[in-house]
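Numbering (our numbering), first residue to last: 70 to 499.
Positions of the beta carbon are idealized from the N, C-alpha and C atoms, including for glycine.
Computed from a prediction, not measured in an experiment: that's the story for all the values here.
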């Protein structure tokens, strides 16, 4: 019977079309031998062989329940520890990296062959290195970059140095995955926000679910995918990202929860229906394909408009698409931000920066301004401004510009963005 179960498992592994990946900071997994570089708590009588074996079993239980094919690990003392953990948890392949004299390092466990590895050292900073391990899966090579950045209590320049080392390491990566405890919370100040073309999977969860650190509502562990893995071949499986919070995991396991996601070779994007932007401007909108043209951009994102002449704001922390770019993409998440409907997660299918078309086909006519909603872009309009407001078709609009002071008088505006500001409609002009 055991042989049959093993053969079934091997068969499913060899012909799997999905790869589950995970990252887990196991919090100070030290062995029972004193080498001198340990934290003080692990050099005293408070730590011994029995406690080490108990910790090993606990972390192994999490890994077996998590059942990921590839797992990045933080806070592992040495290679012997990750080897024991691999054997106990059923992983054939592993890699480990640390620096001389460092209390802990990091590593990767894998059920699939690791064909190559490389270590990147953060210059002039006493911190963990970055480990790149290339895993072979169903004819695809996937580059896993495992990191553990300096904690927030460290000098900002040291944390930025670690982030810059990562940026250089992944610059030419194909099928790249960044995993680990980056000690930087997801949001505006995240240290890797400027990684162009990469998708942080936290964006697929609502804000109230973004927490991986037990002692606070912090999303400091991350899984970040290169644009290759958001396409139609080997790609992120929509809805597969999450935080593993099994009931048995108490504070004796770790101060972090694992994160997980799935990469798939099965068809996904082709099954998504196409919709007009006017049809998805709802927080209850299902996942859909959209096609549109970039009609406006600012430091936090851009507006995409289609031939229905409706537009919607795309929240993207490092927008790089020029005006006039044609975008075909899958909308993963739509949210209401202070009364404005925004797309907060988008998977690109095709981007054409050389697209040529009459922009008037995508701009809402000024005569339809009464029916306009946030994200719509009005074309060629004359505004008669008094005290920062303009009245158009008997509706009063606040006028705002991020680039210039608004004076009273008549002005001609090529584009005006309809927005909701504190419950009142406003027009944003350049």
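Query, Result
"Nearest neighbour of residue 288, chosen from 278, 137 and 294 [CA to CA]", "278"
"Inter-residue CB distance, residue 200 and residue 235 (contact presumed, cutoff 8 Å)", "That pair is no contact at about 11 Å."
"Cα-Cα separation between residue 360 and residue 159, rounded to whole angstroms", "45 Å"
"Sub-9 Å separation of residue 166 and residue 184 beta-carbons", "no"
"Euclidean distance between Cα positions of residue 77 and residue 242", "Note that residue 77 scores 36 on pLDDT, short of 50, meaning its location in the model is unreliable; the coordinates nonetheless yield the value given after this. Whole-angstrom Cα-Cα distance: 34 Å."
"Close Cβ partners of residue 482 (< 7 Å) along its chain, the five nearest in sequence each way excluded", "450, 452 and 498"
"In chain order, each alpha helix (DSSP H) run of at least 4 residues that lies wholly inside the segment 342 to 405", "346 to 349"
"Residue 162 versus residue 139: straight-line alpha-carbon distance, rounded", "9 Å"
"Secondary structure of residue 322, DSSP reduced to three states", "coil"
"Pair within 9 Å by beta-carbon distance, residue 295 and residue 244", "yes"
"Under the three-state DSSP convention, the category residue 257 falls into", "coil"
"Nearest neighbour of residue 292, chosen from 333, 204, 271 and 150 [CA to CA]", "271"
"Buried or exposed by the 16-neighbour rule on C-beta atoms within 10 Å, applied to residue 431", "buried"
"Buried versus exposed call for residue 90 [16 or more other C-beta atoms within 10 Å across all chains shown]", "buried"
"Alpha-carbon to alpha-carbon, residue 447 and residue 424", "21 Å"
"Alpha helix (DSSP H) segment containing residue 156, residue limits", "148 to 158"
"DSSP beta-bridge partners of residue 493", "490"
"Collapsed DSSP secondary structure at residue 268 in the structure displayed", "strand"
"Where residue 195 falls, given that 16 or more other Cβ within 10 Å makes a residue buried", "exposed"
"Beta bridge counterpart(s) of residue 421 as assigned by DSSP", "395"
"Segment contact flag, the segment 338 to 346 with the segment 120 to 127, C-beta cutoff 8 Å, min 3 pairs", "no"
"Buried versus exposed, by CB contacts within 10 Å (16 or more), residue 460", "exposed"
"Three-state secondary structure assigned by DSSP to residue 305", "strand"
"Residue range of the unbroken beta strand (DSSP E) whose run includes residue 291", "290 to 294"
"Identity of the residue in 280, 135 and 129 nearest residue 152 by Cα", "129"
"Close-in-space but distant-in-sequence residues of the same chain around residue 340 (CB under 6 Å, 5 per side omitted)", "none"
"Cβ pair count under 8 Å reaching 3, the segment 214 to 224 against the segment 246 to 253", "yes"
"Proximity below 9 Å, CB of residue 143 to CB of residue 92", "yes"
"The segment 96 to 109 in contact with the segment 299 to 306 per 3-pair CB rule at 8 Å", "no"
"8 Å contact criterion, which residue 409 and residue 440 should meet: CB distance rounded", "So it is not a contact: roughly 16 Å between Cβ atoms."
"Where residue 467 sits in the DSSP three-state scheme", "strand"
"Residue span of the beta strand (DSSP E) that contains residue 459, given as start and end", "458 to 461"
"Distance between beta carbons of residue 323 and residue 95, contact taken as under 8 Å", "5 Å"
"Cutoff 7 Å; reference residue 101; Cβ partners in own chain excluding five residues on either side", "117, 118 and 121"
"Secondary structure of residue 338, DSSP reduced to three states", "helix"
"Minimum C-alpha distance to residue 228 - residue among 191, 257, 472 and 389", "191"
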